[in-house]
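Chains as they are written, first to last, in our numbering: chain A, 1 to 101; chain B, 1 to 101.
Okay, so here's the structure we're looking at.
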DNA sequence: GCTGTTTACGACGACCGTAATCATT
DNA sequence: AATGATTACGGTCGTCGTAAACAGC
């Protein structure tokens, strides 16, 4: 499982629409479809009920959608915190060159 | 930021030793070094103090190490939960073929 | 017939492993 | 000199986009 998968699935779960979700995620519909299919395969569980025209979450999909948002929020929060710490600690900066001059 | 990065960083933070961490992660040292470097670049913050022979966490790295473990635990828990739900809901299985027969 | 998802296919890029280099003890 | 991390480089796999096929309203 990768964060990319969770981002895509969260976007799809929010809209329940492949086209719109793909557009919001800045990818094409086939790429999203493939990624979701791969996620389902890896999880060994069907996450969506696709009746070709109707997209709805299965119980497992609902759970994953909920968890995905929490996880993605935690990741974003951590990233913000780490950047803040680095910013307040010049010695921990990315390219803090004390330099001889 | 990807989970792969977090897994690698968590493993490295646990041992503070590239060779041992890489071995435990089933990759080579250069691959780990590259992944960590990439993570630092993307985060815009130095996560480790590498004095060539001595590896120690920066404040930002310490924070990320802590967050990474929490996030990875949440991911693992979610995966378990989703699989359990799918297992208890045959209709949500991966290849549950009701079949005409 | 049209909207919307899936499948097929080719190209680009990322990740990993091997080999060589450099630094520290 | 030996250990350990980095850099360079080539191969391979994954991911994405375009094009075509399929299904429901």
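Note that the Cβ used here is the ideal one computed from N, Cα and C, for glycine as well.
Which residues DSSP lists as bridging residue i, in chain order
i	result
residue 57/A	48/A
With 16 other Cβ atoms within 10 Å as the buried cut-off, status of residue i
i	result
residue 58/B	buried
residue 100/B	Because residue 100/B carries a pLDDT of 36, less than 50, the predicted location of this residue cannot be relied on, and the following value inherits that uncertainty. With fewer than 16 Cβ atoms within 10 Å of its Cβ, residue 100/B is classed as exposed.
residue 102/A	Lying outside 1 to 101, the shown extent of chain A, residue 102/A is not represented and no answer is given.
residue 97/A	The predicted position of residue 97/A is uncertain, since its pLDDT is 41 and thus under 50; a value taken from the coordinates is nonetheless stated next. The residue in question, residue 97/A, is exposed, as its Cβ has fewer than 16 Cβ neighbours within 10 Å.
residue 31/B	exposed
residue 56/B	exposed
residue 63/A	buried
residue 78/B	buried
residue 10/B	buried
residue 21/B	buried
residue 60/B	buried
residue 86/B	buried
residue 35/B	buried
residue 65/B	buried
Proximity winner among the options, relative to residue i (alpha-carbon distances)
i	options	result
residue 4/A	38/A, 19/A, 16/A, 17/A	38/A
residue 6/B	40/A, 67/A, 26/A, 71/A	71/A
residue 74/B	78/A, 68/A, 76/A	68/A
residue 88/A	31/B, 45/B, 14/B	45/B
residue 12/A	2/A, 1/A, 29/A	29/A
residue 1/A	60/B, 84/B, 51/B, 76/B	76/B
residue 82/A	54/B, 48/B, 83/B, 80/B	48/B
Terminal residues of the alpha helix (DSSP H) in which residue i lies
i	result
residue 15/A	3-15
residue 36/B	29-43
residue 26/B	Residue 26/B -> no alpha helix (DSSP H), and no H or E assigned at all.
Exercise. In chain order, what residues of the segment 77-88 of chain B put their CB closer than 7 Å to some CB of chain A?
Worked result: Result list: 78, 79, 81, 82, 83, 85, 86.
For this session: Below 9 Å between beta carbons is the criterion; list the residues of the segment 57-72 of chain A that meet it against any residue of chain B, in chain order.
Result: Along the segment 57-72 of chain A, going in chain order, the ones with a CB nearer than 9 Å to a CB of chain B are 58, 59, 60, 61, 62, 63, 64, 66, 67, 68, 70, 71.
Exercise. What residues in the segment 20-34 of chain A have a beta carbon less than 9 Å from any beta carbon of chain B?
Worked result: Per Cβ criterion, the list is empty.
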